[in-house]
Structure formats: structure tokens, C-alpha cells
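K.L.:
Sharing a structure below in C-alpha cells format, with a few things to ask.
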Amino acid sequence: MTSAQAKTPVIFDHDGGIDDILSLLLTLTMPQVEVKGVCITPADCYPDDALISSLKLLTLAGQTEVPVAVGNLVGPNPFPPEWRAQPRVCHAMPQMLRIEECRDNVQPVPAHEWLVDYLSHCTQKVTVVMTGPASNLAWVLKRHPQLASKIEQVIWMGGAVEVKGNVAMHDHDGSAEWNAYWDPQATYDLVHSDVSLLMVPLDATNALPVDRAFLQNLAKADTALSDLAGQLWAATTTAIPAYEFTYFLWDILATSILGLPAECYSVKERLLSVQTTTPSAGHTCIDDKGSLVRWVSEVDAQQVIEYVTEQFSGSLDKLKLAKC
Ligand code: AGV
Ligand code: CA
Numbered sequence: 000m001t002s003a004q005a006k007t008p009v010i011f012d013h014d015g016g017i018d019d020i021l022s023l024l025l026t027l028t029m030p031q032v033e034v035k036g037v038c039i040t041p042a043d044c045y046p047d048d049a050l051i052s053s054l055k056l057l058t059l060a061g062q063t064e065v066p067v068a069v070g071n072l073v074g075p076n077p078f079p080p081e082w083r084a085q086p087r088v089c090h091a092m093p094q095m096l097r098i099e100e101c102r103d104n105v106q107p108v109p110a111h112e113w114l115v116d117y118l119s120h121c122t123q124k125v126t127v128v129m130t131g132p133a134s135n136l137a138w139v140l141k142r143h144p145q146l147a148s149k150i151e152q153v154i155w156m157g158g159a160v161e162v163k164g165n166v167a168m169h170d171h172d173g174s175a176e177w178n179a180y181w182d183p184q185a186t187y188d189l190v191h192s193d194v195s196l197l198m199v200p201l202d203a204t205n206a207l208p209v210d211r212a213f214l215q216n217l218a219k220a221d222t223a224l225s226d227l228a229g230q231l232w233a234a235t236t237t238a239i240p241a242y243e244f245t246y247f248l249w250d251i252l253a254t255s256i257l258g259l260p261a262e263c264y265s266v267k268e269r270l271l272s273v274q275t276t277t278p279s280a281g282h283t284c285i286d287d288k289g290s291l292v293r294w295v296s297e298v299d300a301q302q303v304i305e306y307v308t309e310q311f312s313g314s315l316d317k318l319k320l321a322k323c
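Note that numbering that gives the first Met the number 0 numbers the sequence shown so that position 93 is 92, with each residue one more than the last.
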């Protein structure tokens with residue numbers, strides 16, 4: 000990357016799932032991206048685990064100066080405890096245990112307050128990538144709507160527009176995606192805010208299951224970086240093989256939008272609304288009375304897999320080189 004090509008400034012707000020951690024790793028492989036801050040939403044994880052894994056990846060990438068802010072806003076519909084506990088494995092594997100975590104830039108305030116501070120003071124518009132529930136940013140936009148002008152675009156893994164959702168709960172009709180369901184009001188507030196929103200819903204991610212062929216392809220790269228990614232994904236394969244439990248490249252697709260050529264995916268734009276009450280809380284549906292939103296509706300799965308595999312091929316030094 001030459002100095003003439005400006006990097007895209009990105010705030011990465013994730014909720015600590017295994018694919019969230021993989022998505023942070025993916026972001027750190029991208030030479031065209033500059034991570035300005037990492038926020039953690041305590042949703043599909045326990046936040047201590049998400050913090051440790053995030054700090055270790057930043058150390059690995061030589062980016063210990065990046066601020067990391069842990070959130071304390073919680074939605075009304077918690078993730079199952081087994082899912083929240085699963086990502087502890089991310090910092091328990093030998094490659095990760097060997098990396099030290101540096102706590103110098105862990106923020107003393109919760110993520111939503113750090114976001115207000117960052118957006119109030121930044122002189123360049125920032126892209127916000129969110130791979131968990133939208134609670135932090137929705138809180139900010141509701142109380143400080145003028146800060147929407149500091150945001151170039153929000154890329155959010157969430158929602159299920161023209162396909163069924165992945166929530167299977169006794170009081171739910173199955174129409175919602177989990178990130179949208181965890182905090183339905185935040186989803187509503189995000190969709191109805193003034194930011195330019197590109198959703199990456201299940202409509203697009205359904206084409207990208209983490210199956211054996213994908214893992215086999217990644218294993219062929221046979222490098223330290225591809226093995227780290229492969230080990231993390233291997234830990235997701237114990238899920239029960241029903242739709243609600245299959246692992247997909249959910250957050251990975253949303254993150255890849257930062258680097259994928261536009262011809263690899265299609266975008267739809269319609270008025271969308273969000274249900275906030277049972278039994279369809281978190282349902283993101285087409286509605287004439289809704290707000291104009293864009294979403295990734297289809298992907299060229301082969302090209303996405305090739306892109307992700309290429310990004311994760313190479314030595315761990317690739318992460319430090321991407322920073323330059
Ligand atoms: O709905 C997809 C979102 C993504 O942000 N998360 C996982 C990804 O990080 C929730 C989720 C749905 N099904 C799951 C999930 C499963 N089987 N295990 C863990 N999390
Ligand atoms: Ca996630």
C-alpha cells in the first residue's frame with residue numbers, strides 16, 4: 000500500500016463469538032483498513048473472554064495502541080449460556096496462550112461512552128463494522144443523532160429479510176436472526192437512524208456454511224495464519240447439525256465486505272421495519288412504513304471462500320505487514 004492510498008478507518012464492534020474473533024483477525028489482515036477501535040458487546044460471549052482474545056490478536060498484529068472498550072449495555076433476550084461459553088476456547092489454544100495481552104489501551108469507560116467520545120472528536124468519517132447486536136451504536140445514535148454525520152457507513156451482520164430467522168425459542172416464531180433479536184429495540188433504532196446502513200443478513204450468509212470442504216480448503220494453505228484460523232473454526236464444528244445450530248460465515252461475510260470486489264455480491268434496497276414484541280421480536284421485514292435500508296441479498300459463495308482463504312494464507316508476519 001502506498002501512502003497515496005488512504006486506508007479506510009474502521010471501528011469494529013463485535014460480540015466475542017468464535018467467528019467474531021476470526022473476523023477481527025480477518026480485519027487485521029487487510030492492508031486497506033485501519034482499525035481505530037474495538038468495541039465488545041457482551042452478547043454471544045462472556046466479555047472477559049472476548050477482551051482477552053481481542054487483546055491477543057491486536058498484540059499479534061503489532062497494534063497494541065488500538066483502544067478496546069468493553070460494553071455494558073445488554074438486550075432483553077440473552078444468548079444460550081453454552082454459546083456464550085464456547086469462545087473461551089479462542090484464547091485457550093496454544094497459539095493464543097503464547098501471545099501476551101497488553102491492557103494499556105483498555106478503556107476506562109463502557110463501549111457506548113467511548114464511541115460518543117471517539118465520534119465527537121474524529122476529523123475523518125469512520126466505517127463501523129458490527130458483528131453482534133447493535134446496542135452500543137443504537138444507544139449513541141438515539142442520544143446524539145448528530146454523530147451519524149461522522150459515520151461513512153455501518154456494515155452490520157444481522158437480520159433475516161426474505162428468509163426465515165435462526166432464533167429457536169419457546170416464545171418466538173423463528174422469524175428473527177439472533178443479533179437482531181438479542182436487543183430488538185436497538186435493531187429498531189439502528190434501522191430507523193440516519194446512518195447509511197448495509198445489513199449482512201441470513202439471506203446472504205445462508206450460502207456460506209462452515210462445512211468440511213471449506214475447512215479442507217483452508218487447511219491446504221498450511222501456514223501459521225491459516226492454521227490459527229482453522230483451529231478456531233474447528234472448535235465450531237461440535238454444534239448440533241440442525242439449521243439453528245449450524246455455523247456459517249456470518250460475521251466473516253460482513254467483515255469481508257471491506258475487501259471484496261462489489262461484483263461478488265448483490266445489494267437490495269427497500270423500506271424495512273423491525274418488530275420489537277413477541278413472538279416476532281427482532282424480525283426485520285419489508286414494510287412500506289419502514290426506513291430505507293440496503294442489505295446484501297446474495298453472494299458468490301465461491302469467490303467469498305477464495306477471498307477468505309487467501310486472506311488467511313501466509314505467515315503471521317502478514318498481520319504486521321498489513322499495518323504498514
Ligand atoms: O446469528 C448469527 C450471529 C453471528 O454474529 N451469532 C453468531 C455469529 O457470531 C449468533 C448465532 C446464531 N447461531 C449460533 C450463534 C450458533 N449456533 N452458535 C453460536 N452463535
Ligand atoms: Ca457475532
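Beta carbons: idealized from backbone N, C-alpha and C, even for Gly. The structure presented is a predicted model; accordingly, all values stated were derived computationally and were not measured.
Is the beta carbon of Tyr264 sitting closer than 7 Å to the one on Val295?
P.N.:
yes
K.L.:
Give me, in chain order, the residues of the same chain whose beta-carbon lies closer than 6 Å to that of Ser225; leave out the 5 immediate sequence neighbours on both sides.
P.N.:
Leu217, Phe311 and Ser312
K.L.:
Sorry if obvious, but does the Cβ on Thr236 come closer than 6 Å to a heavy atom of ligand 1?
P.N.:
no
K.L.:
If you run the structure through DSSP and keep just helix, strand and coil, what is Leu264?
P.N.:
At residue 264 the sequence reads Tyr, which differs from the Leu that was named. Residue state, collapsed to three classes: strand.
K.L.:
Rounded C-beta distance between Cys121 and Lys141? I'm assuming under 8 Å.
P.N.:
That pair is no contact at about 19 Å.
K.L.:
Please classify Ala42 as buried or exposed, where buried requires at least 16 other C-beta atoms within 10 Å of its C-beta.
P.N.:
buried
K.L.:
Counting only runs that start and end within the segment 38–113, where is the alpha helix (DSSP H) found for 4 or more residues in a row?
P.N.:
46–59, 80–84 and 93–96
K.L.:
Ordered along the chain, which non-local residues of its own chain (more than five positions away) have a Cβ less than 6 Å from that of Arg83?
P.N.:
Cys44 and Tyr45
K.L.:
Buried or exposed, going by whether 16 or more other CB atoms sit within 10 Å of the CB of Cys38?
P.N.:
buried
K.L.:
State the Cα-Cα distance for the pair Thr58 and Ala91, rounded to the nearest angstrom.
P.N.:
16 Å
K.L.:
Using a 10 Å radius around the Cβ and a threshold of 16 neighbouring Cβ atoms, would you call Val9 buried or exposed?
P.N.:
buried
K.L.:
How long is the line joining the alpha carbons of Phe324 and Pro183, rounded to whole angstroms?
P.N.:
With the chain covering 0 to 323 only, the question about residue 324 has no answer from this structure.
K.L.:
Give me the residue from Asn178, Glu151, Ile154 and Val153 with the minimum Cα distance to Gly164.
P.N.:
Asn178
K.L.:
Is His13 helix, strand or coil by DSSP?
P.N.:
Looking at His13 - three-state DSSP - the assignment turns out to be strand.
K.L.:
Report the residue from Gln215, Leu136 and Leu315 whose alpha carbon sits nearest the alpha carbon of Asp14.
P.N.:
Leu136
K.L.:
Rounded to whole angstroms, what's the CA-CA distance from His169 to Ala175? Just pull it up for me.
P.N.:
13 Å
K.L.:
Mind checking whether Leu146 and Leu118 have CB atoms under 7 Å apart?
P.N.:
In this structure, Leu118 lies closer than 7 Å to Leu146 by Cβ.
K.L.:
Check Leu224 in the structure and name its three-state DSSP category.
P.N.:
helix
K.L.:
Using the three-state DSSP reduction, which class does Glu33 fall into: helix, strand or coil?
P.N.:
strand
K.L.:
Taking DSSP's pairing of strands, which residues face Val128 in a bridge?
P.N.:
Phe11 and Ile154.
K.L.:
Indicate, with yes or no, if ligand 1 has a heavy atom lying under 6 Å from the CB of Trp181.
P.N.:
no
K.L.:
Examine ligand 1 and report whether any of its heavy atoms sits within less than 6 Å of the Cβ of Glu176.
P.N.:
Correct: Glu176 has its Cβ closer than 6 Å to ligand 1.
K.L.:
Exposed or buried, which one is Asp12 when buried takes at least 16 other CB atoms within 10 Å?
P.N.:
Per the 10 Å Cβ criterion, buried.
K.L.:
Considering only C-alpha positions, which residue in the set Leu54, Gln4, Glu112 and Thr40 is nearest to Leu27?
P.N.:
Leu54
K.L.:
Provide the residue span of the beta strand (DSSP E) that contains Glu283, from first to last.
P.N.:
It is Thr, not Glu, that sits at residue 283 in the sequence shown. For Thr283, the enclosing beta strand (DSSP E) stretches over residues Thr283 to Ile285.
K.L.:
When the Cα of Gln302 is compared with those of Leu207, Leu25 and Thr7, which residue comes out closest?
P.N.:
Closest option to Gln302, Cα to Cα, is Leu207.
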